[in-house]
Amino acid sequence: MYDLDMFMAEVERKNPAEPEFIQAVREVTETIIDVVNDNPAYLHGKILDRLTEPDRIITFKVEWEDDNGEVQVNRGYRVQYNNVLGPYKGGIRFHPSVTLGTLKFLAFEQTFKNSLTTLPMGGGKGGSDFNPKGKSDTEMRRFCRSFMTELQRYIGPETDVPAGDIGVGAREIGYMYGMYKRLRDEHTGVLTGKGRNWGGSLIRPEATGFGAMYFAREMARTQGEDFAGKTISVSGFGNVAWGAVMKAAELGAKVVTISGPDGYIYDPDGVNTEEKWRYMTALRASNNDVVEPYAKQFSVQFFPGRRPWEVPVDMAFPCAIQNELNGEDAEQLIANGVKYVIETSNMGCTADAYTAFRKAKVLFAPGKAANAGGVAVSGLEMTQNSMKLSWRTDEVDQRLKDIMKNIHEACVSEGMESGSTFVNYARGANIAGFKKVADAMLDMGY
Ligand code: 2IT
14 MYDLDMFMAE VERKNPAEPE FIQAVREVTE TIIDVVNDNP AYLHGKILDR LTEPDRIITF
74 KVEWEDDNGE VQVNRGYRVQ YNNVLGPYKG GIRFHPSVTL GTLKFLAFEQ TFKNSLTTLP
134 MGGGKGGSDF NPKGKSDTEM RRFCRSFMTE LQRYIGPETD VPAGDIGVGA REIGYMYGMY
194 KRLRDEHTGV LTGKGRNWGG SLIRPEATGF GAMYFAREMA RTQGEDFAGK TISVSGFGNV
254 AWGAVMKAAE LGAKVVTISG PDGYIYDPDG VNTEEKWRYM TALRASNNDV VEPYAKQFSV
314 QFFPGRRPWE VPVDMAFPCA IQNELNGEDA EQLIANGVKY VIETSNMGCT ADAYTAFRKA
374 KVLFAPGKAA NAGGVAVSGL EMTQNSMKLS WRTDEVDQRL KDIMKNIHEA CVSEGMESGS
434 TFVNYARGAN IAGFKKVADA MLDMGY
């Protein structure tokens with residue numbers, strides 16, 4: 014039998030100074046430990062011990078030259094967490110907060126998320142502490158090329174397929190793909206999030222935000238409510254937030270906030286026009302990491318240094334980075350009557366926030382379920398690459414919708430509390446994601 018406290022003490026001992034990894038492991042273990050303890054095969058197979066150790070961790074040096082001719086050194090990583098369901102699959106993050114612990118937590122989450130998509134993908138994650146803020150296009154290119162010079166040894170279309178994440182978008186994927194192709198002389202589906210003309214899937218850039226909205230619509234339906242007409246707060250202003258605001262508008266809901274490290278903007282009419290979406294894209298592409306100019310451009314209010322969680326809404330969508338919504342933010346949202354929280358960033362809510370939502374019976378969708386649309390369309394990109402063909406927009410979108418609906422159903426079937434319509438989505442997602450990975454591990458032995 015596993016004892017939660019004893020098990021977690023051991024995880025903490027083995028992974029010192031990795032608080033996010035420990036947080037992610039605890040959140041999953043808490044919700045599945047009874048399922049494990051009830052199953053002799055999981056116990057005999059030491060499944061929790063095996064799932065909390067990544068298959069392989071690679072770290073490497075990334076040397077590059079900045080525009081002043083100065084030599085710079087960063088650290089690159091790839092965490093190949095688990096490949097029982099398919100090749101390692103997960104994004105690459107370039108952000109100054111990146112540490113090995115961050116990437117271990119992301120790769121751990123990715124393993125269960127990818128399992129939920131039902132597509133054949135294992136879990137991985139990579140990145141660097143490199144900060145894209147203020148970097149020129151030339152610097153980005155030099156860094157990406159240097160990063161791929163090392164990474165290419167460890168990846169391949171049937172081995173490990175990276176994609177974008179924070180700080181890595183279409184441009185960076187392009188530079189990395191170019192370097193891979195040059196070094197290996199292969200044009201394959203080794204990365205996803207590629208450009209349209211060279212193997213990328215339609216809808217991939219928007220997929221995470223679209224998927225989160227499809228998921229939220231299912232949540233509302235389950236409560237007998239209409240998604241249309243809901244007021245929504247979104248944090249962030251990158252790719253994910255962008256897809257989210259566009260799909261929310263299309264489905265008839267109103268997003269009233271977006272945010273950056275500098276603060277948030279409040280747009281009471283909604284971020285709901287082509288012009289506003291285009292402006293968001295231009296802001297992000299500027300590499301300045303600020304949203305304030307949006308407020309000036311569209312004559313709306315900007316709240317410097319504040320987070321959007323103080324605005325009263327029906328639904329909140331953290332779309333920026335881990336632990337961006339804390340216990341106090343959660344209490345504020347609850348006091349303002351929030352009914353749904355859809356974690357669209359990976360582990361966007363702190364453990365305190367998560368506990369507060371659970372106590373207040375707020376419907377809380379964890380990132381591994383709600384944001385799985387991004388990696389799901391990456392999986393569809395891999396399929397299209399393997400078949401050497403390209404699906405139409407409506408084909409990809411329909412598959413994305415079906416996948417999000419299936420994930421929602423899996424969460425409901427494992428997480429609905431008997432005698433009520435309340436769904437513990439975190440428990441549902443963890444159990445559903447875990448079972449497939451665990452069963453495959455047992456099938457394959459050790
Ligand atoms: O967190 C994520 O799921 C991603 N950054 C997307 C990963 C992918 O392989 O598309």
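Residues 14 to 459 (my numbering) make up the sequence shown, in order.
C-beta atoms are modelled at their ideal positions from N, C-alpha and C, and glycine is treated no differently.
Look at the alpha carbon of E33 and the alpha carbon of F118, and state the distance between them as a whole number of angstroms.
Indexing the sequence shown from 1 puts residue 33 at position 20. Indexing the sequence shown from 1 puts residue 118 at position 105. Distance between the alpha carbons of E33 and F118: 6 Å.
Indicate, with yes or no, if the ligand 2IT has a heavy atom lying under 8 Å from the CB of Q123.
For the purposes of this step, residue 123 is identified with residue 110 of the sequence shown, where counting begins at 1. Yes, since a heavy atom of the ligand 2IT falls inside the 8 Å radius drawn around the Cβ of Q123.
Would you tell me roughly how many angstroms separate the C-alpha atoms of V86 and Y94, rounded to the nearest one?
Locating residue 86 in the sequence shown gives position 73, where the first residue counts as 1. Locating residue 94 in the sequence shown gives position 81, where the first residue counts as 1. Whole-angstrom Cα-Cα distance: 25 Å.
Determine which residues share a DSSP beta bridge with G273 and list them.
On the sequence shown, position 260 is the one that residue 273 refers to. Looking at the DSSP assignment, G273 forms a beta bridge with G276.
So is the beta-carbon of S391 under 8 Å away from any non-hydrogen atom of the ligand 2IT?
By 1-based counting over the sequence shown, the position of residue 391 is 378. The answer is yes for S391.
Over the uninterrupted beta strand (DSSP E) stretch that includes E66, give me the two end residues.
Taking the sequence shown and counting its residues from 1, one reaches residue 66 at position 53. Element bounds for E66: n/a, residue is neither H nor E.
If I measure Cβ to Cβ from E394 and keep anything under 8 Å in the same chain, skipping five residues before and after, which residues do I get?
Reading the sequence shown from its first residue, position 381 is the one you call residue 394. Hits under 8 Å: G202, T205, G206, K207, G212, G213, S214 and R217.
Kindly list the residues whose CB is nearer than 8 Å to the CB of Y7, restricted to its own chain and excluding five residues on each side of it in sequence; keep chain order.
There is simply no residue 7 to check, as the chain begins at 14 and stops at 459 in what is shown.
According to DSSP, what are the bridge partners of T72?
For the purposes of this step, residue 72 is taken as the residue at position 59 of the sequence shown. DSSP, once it has assigned bridges, lists Y90 as partnering T72.
CB R209 to CB G251, shorter than 9 Å?
Taking the first residue of the sequence shown as position 1, residue 209 is located at position 196. Taking the first residue of the sequence shown as position 1, residue 251 is located at position 238. Contact flag unset, no.
Determine whether the beta carbon atoms of I271 and V304 lie at a separation below 9 Å.
Residue numbering aside, residue 271 sits at position 258 when the sequence shown is read from its first letter. Residue numbering aside, residue 304 sits at position 291 when the sequence shown is read from its first letter. Yes, the Cβ-Cβ distance between I271 and V304 is below 9 Å.
Quick one: what does DSSP say P145 is sitting in, helix, strand or coil?
Numbered from 1 along the sequence shown, position 132 holds the residue referred to as residue 145. DSSP places P145 in coil when its eight states are reduced to three.
Of the choices A369, G249, P53 and E78, whose alpha-carbon is the least far from that of T357?
On the sequence shown, residue 357 is found 344 positions in, with the first residue counted as 1. Among A369, G249, P53 and E78, the Cα nearest to that of T357 is on G249.
In three-state DSSP terms, what is R106?
Counting from 1 along the sequence shown, the entry for residue 106 is found at position 93. DSSP places R106 in strand when its eight states are reduced to three.
Compute the Euclidean distance between the alpha carbons of I105 and C157, then round it to the nearest angstrom.
Taking the first residue of the sequence shown as position 1, residue 105 is located at position 92. Taking the first residue of the sequence shown as position 1, residue 157 is located at position 144. Going by the C-alpha atoms only, they are around 11 Å apart.
Shorter than 8 Å, the distance from the beta carbon of D150 to the closest heavy atom of the ligand 2IT, or not?
Translated into positions along the sequence shown, residue 150 becomes position 137. D150: no, Cβ never under 8 Å from the ligand 2IT.
Where does the unbroken beta strand (DSSP E) through S246 begin, and where does it stop?
Here residue 246 refers to the residue found at position 233 when the sequence shown is read from its first residue. Unbroken beta strand (DSSP E) run through S246: T244 to V247.
Which residues in the same chain have their Cβ closer than 6 Å to the Cβ of Q123, if we skip the five residues on either side of it in sequence?
As a working note, residue 123 is residue 110 in the sequence shown. Excluding positions up to five away in sequence, the list reads G103, G136 and K138.
Going by beta carbon distance, what residues of the same chain come within less than 8 Å of T112, once the five residues before and after it are set aside?
The residue given as residue 112 occupies position 99 in the sequence shown. Closer than 8 Å at Cβ, skipping near neighbours: E31 and D142.
At a cut of 8 Å, does the segment 353 to 367 reach the segment 333 to 340 through at least three beta carbon pairs?
Yes: at least three Cβ pairs fall under 8 Å.
Using 8 Å for Cβ pairs, my map puts T434 next to Q165. What's the rounded Cβ distance?
For the purposes of this step, residue 434 is identified with residue 421 of the sequence shown, where counting begins at 1. For the purposes of this step, residue 165 is identified with residue 152 of the sequence shown, where counting begins at 1. Their Cβ separation, rounded to whole angstroms, is 50 Å, which puts T434 and Q165 out of contact at 8 Å.
Please name the residue, chosen from G114, V97, N50 and V41, that lies closest to N28 on a Cα-to-Cα basis.
Position 15 of the sequence shown, counting from 1, holds the residue named residue 28. Measuring from the Cα of N28, the nearest candidate turns out to be G114.
Using the C-alpha atoms, what's the distance from G256 back to F240?
Position 227 of the sequence shown, counted from the first residue, corresponds to residue 240. Position 243 of the sequence shown, counted from the first residue, corresponds to residue 256. If you take the alpha carbons of F240 and G256, they lie about 17 Å apart.
Does the segment 264 to 280 come close enough to the segment 299 to 319 that 3 or more CB-CB pairs lie under 8 Å?
Flag = yes, the segment 299 to 319 and the segment 264 to 280 touch.
Is any non-hydrogen atom of the ligand 2IT found closer than 8 Å to the C-beta of D178, if you look at the structure I gave you?
Here residue 178 is taken as the residue at index 165 of the sequence shown, counted from 1. Yes; taking the cut-off as 8 Å, the Cβ of D178 has a heavy atom of the ligand 2IT nearer than that.
Could you tell me the alpha carbon to alpha carbon distance between K5 and V284, rounded to whole angstroms?
Here the chain has residues from 14 to 459 only, and residue 5 is not among them.
Could you pull out every residue in the same chain whose Cβ sits closer than 7 Å to the Cβ of L98, ignoring the five residues on either side in sequence?
The sequence position of residue 98 within the sequence shown is 85, counting from 1. Cβ neighbours of L98 beyond the five flanking positions: N127, S128, P133, M134, G135, K449, V450 and A453.
Report the partner residues of L376 according to the DSSP bridge assignment.
Here residue 376 corresponds to residue number 363 of the sequence shown, with the count starting at 1. Answer is Y353.
Out of K372, R26, I444 and Q345, state which residue places its alpha-carbon closest to the alpha-carbon of E427.
Along the sequence shown, one-based indexing puts residue 427 at 414. Residue I444 is the option with its Cα nearest to E427.
State buried or exposed for V84, treating a residue as buried only when at least 16 other CB atoms are found within 10 Å of its CB.
Position 71 of the sequence shown, counting from 1, holds the residue named residue 84. By the 10 Å Cβ count, V84 comes out exposed.
According to DSSP, which residues form a beta bridge with Y101?
Looking up residue 101 in the sequence shown gives position 88. In DSSP, Y101 forms a bridge with D173.
Identify whether V84 lies in helix, strand or coil by the three-state DSSP scheme.
Looking up residue 84 in the sequence shown gives position 71. Of the three classes helix, strand and coil, the one that applies to V84 here is strand, per DSSP.
Just curious, the beta strand (DSSP E) that F156 is in, first and last residue?
As a working note, residue 156 is residue 143 in the sequence shown. F156 -> not in any beta strand (DSSP E); alpha helix (DSSP H) instead, spanning D150 to L164.
If you draw a straight line from the C-alpha of T130 to the C-alpha of G82, how long is it?
Mapped onto the sequence shown, residue 130 falls at position 117. Mapped onto the sequence shown, residue 82 falls at position 69. If I take the Cα positions, the gap works out to 45 Å.
List, from N- to C-terminal side, the alpha helix (DSSP H) runs of 4 residues or more that fit wholly inside the segment 302 to 362.
If we require 4 residues or more, the alpha helix (DSSP H) runs fully inside the segment 302 to 362 come out as 305 to 310 and 340 to 348.
Would you kindly check if the distance between the Cβ of K352 and the Cβ of V375 is under 9 Å?
Along the sequence shown, read from residue 1 onward, the residue named residue 375 stands at position 362. Along the sequence shown, read from residue 1 onward, the residue named residue 352 stands at position 339. Cβ distance < 9 Å, so V375 and K352 count as in contact.
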